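In the working numbering, the protein residues as written are 1 to 317.
C-beta: ideal position from N, C-alpha, C; glycine also.
Quantities reported herein were computed from a predicted structural model and do not represent experimental measurements.
Single-structure report; data block below.
Laid out in structure tokens, this is it:
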């Protein structure tokens, strides 16, 4: 994109300059305004506008930390193009250490939003109108929800050549084909004709330095690939491509113990876990139904029958 004049949220950012802007969320009961900080850095040369987004769900701390580290290490200051960082998108959820908005809605299920809808929907609408039109590419950082921990993986639509290329250079251990979920940010950005890839790593309300490092390095790789930074893309290992996946569910209720590690490859009939009752009367073993990679793991000590316990690959290469 040629950015002879780049204006965001009513502020012009000149080449080689930066700005800290604010996207207003709502008025509080105390009459104070709640605003989301938007950190913009523009290179001296023309180039793409990249949005780095964290904290769409307020309890997903790793995503916030990844964007924070990108800013702290000044990776967000490109040689070419513009980088927009929103470390904490769902400020309400982040302050309350919860996933949802105060109205109980999942912010990532109300896009593109409405100016007359719920609080979450109104905020989504502001983003869709005031931020999204000015970006060329989006990296969205997430973690597993509740007690589910995700081994670092990048998600995109494999049928979209641009998204697939961006996901490949990101360099996460796993790449997962993921369709666009209705009313999600991904779907909205895709419908606007812009590529978006989503990084998953770790679990809610936990910081994982390895996950954070992979997220930061992945973002830097994407920026190098887009010629926003100088240097070669550095990929430590080729990503495992997961074309289809499923969740294995607990066959019984009880104390859940995993016998394998997250990120591990297992063969068919390998003992991967067990469920027992707290009184020592029964113990049920769980075996791998087929050869697969495990890239999502339920870390809860107790599970109910039908709970998702292992996210595994069905088709991979």
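Report the option in the options whose CA atom is closest to the CA atom of residue i.
i           : options               : result
residue 243 : 164, 186 and 74       : 164
residue 241 : 154, 267, 300 and 301 : 154
residue 268 : 291, 286, 251 and 262 : 291
residue 50  : 56, 67 and 61         : 67
residue 138 : 144, 128 and 145      : 128
residue 174 : 306, 31 and 295       : 295
residue 278 : 88, 255 and 265       : 255
residue 311 : 281, 263 and 300      : 263
residue 229 : 79, 199 and 190       : 79
residue 300 : 124, 125, 144 and 95  : 144
residue 309 : 289, 247 and 266      : 247
residue 36  : 94, 134, 314 and 298  : 94
residue 208 : 142, 223, 179 and 198 : 142
residue 140 : 289, 231, 56 and 280  : 56
residue 314 : 199, 293, 307 and 223 : 293
residue 131 : 224, 31 and 6         : 6
residue 123 : 177, 185, 16 and 178  : 185
residue 298 : 178, 125, 146 and 133 : 146
My guess is that residue i and residue j are in contact by the Cβ rule of under 8 Å, so how many angstroms apart are they, rounded?
i           : j           : result
residue 86  : residue 220 : Between residue 220 and residue 86 the Cβ distance is about 18 Å, and since that is not below 8 Å, they are no contact.
residue 233 : residue 169 : 5 Å
residue 253 : residue 303 : 7 Å
residue 115 : residue 105 : Their Cβ separation, rounded to whole angstroms, is 16 Å, which puts residue 115 and residue 105 out of contact at 8 Å.
residue 149 : residue 203 : 4 Å
residue 227 : residue 47  : 6 Å
residue 43  : residue 81  : 5 Å
residue 196 : residue 189 : 4 Å
residue 89  : residue 54  : 7 Å
residue 52  : residue 205 : That pair is no contact at about 21 Å.
residue 99  : residue 59  : 5 Å
Within its chain, find whatever has a CB closer than 8 Å to the CB of residue i; leave out the 5 residues flanking it on each side and keep chain order.
i           : result
residue 34  : 24, 25, 26, 27, 28, 91 and 92
residue 317 : 240, 241 and 243
residue 210 : 152
residue 71  : 39, 85 and 87
residue 192 : 132 and 133
Short of 7 Å in beta carbon distance, which residues of its chain neighbour residue i, apart from the five on each side in sequence? Order them along the chain.
i           : result
residue 283 : 274 and 276
residue 257 : 273 and 274
residue 214 : 152, 172 and 201
residue 21  : 8, 9, 11, 38 and 40
residue 212 : 62, 65, 66 and 69
residue 287 : 269, 270, 271 and 272
residue 194 : 135, 136, 137 and 138
residue 305 : 250, 251, 252 and 253
residue 167 : 154, 156, 175 and 197
residue 222 : 139, 166, 169 and 170
residue 285 : 271 and 274
Near residue i, which residues of its chain fall below 6 Å by C-beta distance, leaving aside the five closest residues on each side in sequence?
i           : result
residue 157 : 163
residue 120 : 101, 103, 105, 107 and 110
residue 83  : 41, 50 and 76
residue 235 : 171
residue 259 : 271, 272 and 273
residue 2   : Annotation note: pLDDT 48 at residue 2 (below 50); position unreliable, coordinate value reported separately. Only 46 meet the Cβ criterion.
residue 178 : 155
residue 224 : 231 and 233
From the DSSP secondary-structure annotation, give me the bridge partner or partners of residue i.
i           : result
residue 19  : 40
residue 155 : 176 and 198
residue 150 : 202 and 296
residue 257 : 274
residue 165 : Note: residue 165 sits in no beta bridge, so no partner.
residue 140 : 53 and 198
residue 310 : 248 and 297
residue 5   : Beta-bridge pairing links residue 5 to no other residue.
residue 316 : 242
residue 35  : 24
residue 170 : DSSP output for residue 170 lists no bridge partner at all.
residue 60  : The partner list for residue 60 (beta bridge, DSSP) is empty, contrary to what the question assumes.
Suppose only complete runs of 4+ residues qualify. What are the alpha helix (DSSP H) ranges in the segment 179-247, listed by chain order? Restricting attention to alpha helix (DSSP H) runs no shorter than 4 residues, the segment 179-247 encloses them at 185-191 and 209-225, ordered along the chain.
Would you list, in sequence order, the uninterrupted alpha helix (DSSP H) runs of no fewer than 4 residues that lie entirely inside the segment 62-138? Runs of the alpha helix (DSSP H) inside the segment 62-138: 91-96 and 119-130.
Which full runs of the beta strand (DSSP E) of 3+ residues lie inside the segment 274-308, going along the chain? Here the runs fully enclosed are 283-287 and 292-298.
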